[in-house]
Structures are given as C-alpha cells and as structure tokens.
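Data block below; observations after.
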Amino acid sequence: MEVNFSTPNQFNVLEDQADSVTVTPTDSSTQPMPVMLRVSNDYNLHLQAVNSAFPNTTSTLAHGYIKNFPEDDKTHKGIIDLLRDRNADFYVILPSNERPVKIVIKGIPPTPPLH
5 MEVNFSTPNQ FNVLEDQADS VTVTPTDSST QPMPVMLRVS NDYNLHLQAV NSAFPNTTST
65 LAHGYIKNFP EDDKTHKGII DLLRDRNADF YVILPSNERP VKIVIKGIPP TPPLH
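Its first residue numbered 5, the sequence shown is counted upward by one per residue in my numbering.
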C-alpha cells in the first residue's frame, strides 16, 4: 500500500523574489585603513600638520595612538608622505585582503625522511 500526499512549500515566494532583488556587497577595502600616529612629545605638531593639510580627516585617541581616518586613498597616501617627511612615529594596518595567510599543517614531522 502506497500513500502519496503533497505538502505545500512555504518558501516558493522567496524563489520568486530572489530573481528581482539585487544585493550589492559591501566592500571594506573602499574605506582606507587608519594611519596610527604614536603619542609622543611632538604629536600635537604632527596632528596639526595633518589636519591643516587634510581637513576632512577624523582623528581619535586609542591605546597610546591617534587614529587618523582618511576619506579616500589619495588622502591616505598624502598623510603617510607627510608623516614620513616629518619623521613621525606611525604605522598603517594592512587590510585583511592584503595580509599574508598563515597556515598550520598538523601531523607532518619536523624533519621529513630524505630518500
């Protein structure tokens, strides 16, 4: 004896809407990474120079560093060049898509047999 019955699919509506909806992915690389300026004796002079040359940057203090958030890549490069010319102590965080990938392979002996 064979029993056949059908159940309604509640998600048919979603299949119809999936074709009409366009999703734009958000890309974190569009926003340049902040330039981290170390707080030192003359940080105020460096910060004034950055703000006068690039007035649309925002700065915040975090853990002994001043984060300068540029609005575009041209401003980012300009801030880096300005701080290099002034011999300021700063660094830039690489975006996650440009960082090297670290891989650990388990189970491989440290000295492979040589044949």
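Glycine residues also receive a C-beta, built at the ideal position from the N, C-alpha and C atoms.
| query | result |
| --- | --- |
| Could you have a look at Ile-107 and say whether DSSP puts it in helix, strand or coil? | coil |
| Would you mind giving the Cβ-Cβ distance between Val-39 and Asn-60, rounded to the nearest angstrom? I have them listed as a contact below 8 Å. | That belief does not hold up - the Cβ atoms of Val-39 and Asn-60 are roughly 14 Å apart, past 8 Å. |
| Report the three-state DSSP secondary structure of Arg-88 (helix, strand or coil). | helix |
| Taking Ala-92 as the reference, which of Pro-36, Val-7 and Tyr-47 has the closest Cα? | Tyr-47 |
| Within 10 angstroms of its Cβ, does Leu-41 collect 16 or more other Cβ (buried), or is it exposed? | buried |
| Please list the terminal residues of the continuous beta strand (DSSP E) segment that includes Val-7. | First-last for Val-7: undefined, no H or E at that position. |
| Since Pro-36 and Asp-77 should fall inside the 8 Å C-beta cutoff, what is the C-beta to C-beta distance between them, to a whole number of angstroms? | 6 Å |
| Once you ignore the five residues that flank Ile-97 on each side, which residues in its own chain have a CB closer than 8 Å to its CB? | Met-37, Pro-38 and Met-40 |
| What would DSSP say about Val-96, mapped onto helix, strand or coil? | strand |
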